[in-house]
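**Student:** Just passing along the structure, written as structure tokens.
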């Protein structure tokens, strides 16, 4: 691949990541499962889920909680490594700000800072999706995460 082609893949992967967290933070993840390949694996700091159905169930359960959950997932230091035109890995840092309750909430430090490793695959439809996402907590506050 040319450097320009690799740069284009990196930009597409970065957009995928931004769109995913927008879906989670603003729409409670109603379509988050669609960002994964059919047998994709989503491993949070608490549990691993395999397949779109299990990922969808996780986000539906989170949305169904009695109290609204407000969260913002901040992406930092994203590094995309392109293997070929249809495969890439991404390592980045997640800063999670989250609390139960509706905005406006008191500002607090991030409740978790984590390393994230994604394996991404472009499907036959030309759409990039996650084959796997692994979130590994490095720092964590006393505020529970919902993962």
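Numbering (my numbering), first residue to last: 232 to 378. Don't be surprised by glycine CBs; every beta carbon is placed ideally from N, CA and C. This structure is a prediction, so every number in the text was calculated from the model and none was measured.
My parser needs the beta strand (DSSP E) runs of 3 or more residues fully inside the stretch 289-369; what are they?
**Tutor:** Those beta strand (DSSP E) runs which fall completely within the stretch 289-369 and span 3+ residues are 300-315, 318-331, 343-353.
**Student:** Go ahead and pull the three-state DSSP assignment for residue 280.
**Tutor:** It is a strand residue.
**Student:** Which class does residue 270 belong to by DSSP, given the choice of helix, strand or coil?
**Tutor:** Strand.
**Student:** Below 8 angstroms between beta carbons: does that hold for residue 344 and residue 324?
**Tutor:** Contact flag set, yes.
**Student:** Going by the CB atoms, is the gap between residue 244 and residue 311 shorter than 8 angstroms?
**Tutor:** Yes.
**Student:** Buried or exposed for residue 329, going by 16 or more other Cβ atoms inside 10 Å?
**Tutor:** So residue 329 ends up on the buried side.
**Student:** Below 8 angstroms between beta carbons: does that hold for residue 260 and residue 303?
**Tutor:** Taking 8 angstroms as the Cβ cut-off, residue 260 and residue 303 do not qualify as a contacting pair.
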